[in-house]
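Novice:
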């Protein structure tokens, strides 16, 4: 019981306090890819803590023996004694239900979002094949439209789409920066990162680590794509392109330069930013690893020890 309470308490702490600290921190704007990893690690840690906590209530044995027949006989005898009371059976049943429900809900949320987005992208590609023209120079689809916009459709058969209005508005250097931004989305598989966070937010609405996590991941993938574009083009070109395309809403399931956090992105691109020190990077990477393995460190040794004692092995 102590193990389960500890794990549930850890999950609650990470889902609320940990998520709040990460949301309010300043460093994610300077290291968006690391921040994305941290949000996903935090979400995974919360889920694993709940699952391990339920397992601590449901599973009371760990088989470690060279004689499997003897160990099964001893443990079966003790299990019957422990679960003979209504309270023991109810606790075990509830724990199993919690494990199955949490795992199934998470899988449902993520698969629902990813499948829905894939269907939307497929429909968009079918329409674009009919109405858009391929530009061989830039390997993009040009869509005749009065609003300046550029976006990518990730996944199988990925495409970058630029409207005719955007082509007429952007300079050659700005267009190159836009394409680099969209290519960064495709290369980084940002649609999957956003999809996982959105799926967990759908599965567990109102829980800060999932709700805030999705909001922050959507913002952070844009910052990460900006950084990649700036490696090949001047930050001023990226910033000017954002200004010119600001307000253009991308289609559902698409990622676009004009997507999220426009003011923050312009501030990052037009001001001198100091990158995170290597020591800070290493520290944060260690924190991510610690957040991920903490539930395992808490649960596994204690479950092994409890199971061995419970089955008469100590």
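In full-length UniProt numbering, the protein residues as written are 1 to 314. The beta carbon of each residue, even a glycine, is placed where N, CA and C say it ideally should be.
(1) Comparing C-alpha positions only, which one of 131, 29, 201 and 140 sits nearest to residue 108?
(2) So residue 101 and residue 210 are supposed to be a Cβ contact under 8 Å. How far apart are they, rounded?
(3) Quick one: give me the first and last residue of the alpha helix (DSSP H) that residue 150 is part of.
(4) Report the option in 149, 265 and 53 whose CA atom is closest to the CA atom of residue 1.
(5) Once DSSP output is grouped into helix, strand and coil, what is the label at residue 18?
(6) Assign residue 139 to buried or exposed, taking buried as 16 or more other Cβ atoms, counted over all protein chains shown, within 10 Å of its Cβ.
(7) Is it buried or exposed, residue 227, if we count other Cβ atoms within 10 angstroms and call 16 or more buried?
(8) Starting from the C-beta of residue 16, find all residues in its chain whose C-beta is less than 8 Å away, skip the five residues before and the five after it, and write them out in chain order.
(9) On the DSSP bridge assignment, give the partners of residue 227 in chain order.
(10) Name the two residues that bound the continuous beta strand (DSSP E) containing residue 140.
(11) Which residues in the same chain as residue 161 place their Cβ atom closer than 6 Å to its Cβ, once the five residues preceding and following it in sequence are excluded?
(12) Just how far apart, CA to CA, sit residue 245 and residue 263?
(13) Cα separation between residue 300 and residue 237?
(14) Beta carbon of residue 342, beta carbon of residue 125: below 8 Å?
(15) Buried or exposed for residue 316, going by 16 or more other Cβ atoms inside 10 Å?
(16) Kindly indicate the opening and closing residues of the alpha helix (DSSP H) around residue 40.
(17) On the premise that residue 7 lies in contact with residue 56, defined as a C-beta separation below 8 Å, what is that separation, rounded to the nearest angstrom?
(18) Across which residues does DSSP place residue 159 in a beta bridge pair?
Specialist: So, to answer that:
(1) Counting from one through the chain shown, the residue named residue 108 turns up at place 108. Answer by Cα proximity: 201.
(2) One-based indexing of the chain shown puts residue 101 at position 101. One-based indexing of the chain shown puts residue 210 at position 210. The C-beta distance from residue 101 to residue 210 rounds to 15 Å, too long to meet the 8 Å contact threshold.
(3) The residue given as residue 150 occupies position 150 in the chain shown. Per DSSP, residue 150 belongs to no alpha helix (DSSP H); it is in the beta strand (DSSP E), 150 to 153.
(4) On the chain shown, residue 1 is found 1 positions in, with the first residue counted as 1. When the alpha-carbon of residue 1 is set against those of 149, 265 and 53, the nearest one is in 53.
(5) On the chain shown, residue 18 is found 18 positions in, with the first residue counted as 1. Residue state, collapsed to three classes: helix.
(6) Position 139 of the chain shown, counted from the start, is the residue given in the question as residue 139. Of the other Cβ atoms in all chains shown, fewer than 16 fall within 10 Å of the Cβ of residue 139; this residue is therefore exposed.
(7) Counting from one through the chain shown, the residue named residue 227 turns up at place 227. Residue 227 is buried by the Cβ-count criterion.
(8) If you number the chain shown from 1, residue 16 lands on position 16. Non-local C-beta neighbours of residue 16 in its own chain, meaning closer than 8 Å and more than five positions away in sequence, comprise 208 and 209, ordered along the chain.
(9) Taking the chain shown and counting its residues from 1, one reaches residue 227 at position 227. Looking at the DSSP output, residue 227 bridges to nothing.
(10) As a first step, residue 140 must be located in the chain shown, where it is residue number 140. Residues 140 to 143.
(11) In the chain shown, counting from the first residue as 1, residue 161 sits at position 161. Cβ-Cβ distances below 6 Å link residue 161 to 141, 143 and 151 in the same chain, with the five nearest sequence neighbours on each side left out; the list follows chain order.
(12) Taking the first residue of the chain shown as position 1, residue 245 is located at position 245. Taking the first residue of the chain shown as position 1, residue 263 is located at position 263. Counting only the Cα atoms, residue 263 lies some 13 Å from residue 245.
(13) In the chain shown, residue 300 corresponds to position 300, counting from 1. In the chain shown, residue 237 corresponds to position 237, counting from 1. Each residue's alpha carbon lies about 52 Å from the other.
(14) The structure shown has nothing for residue 342, since the chain only spans 1 to 314.
(15) Since the displayed the chain opens at 1 and closes at 314, residue 316 lies outside it and no answer follows.
(16) To locate residue 40, count along the chain shown from 1; it is residue 40. Its alpha helix (DSSP H) spans residues 32 to 58.
(17) On the chain shown, position 56 is the one that residue 56 refers to. On the chain shown, position 7 is the one that residue 7 refers to. Taking the Cβ atoms as the reference, residue 56 lies roughly 6 Å from residue 7, within the contact range of under 8 Å.
(18) In the chain shown, the residue the question calls residue 159 occupies position 159. For residue 159, which the question treats as bridged, DSSP gives the partners 153.
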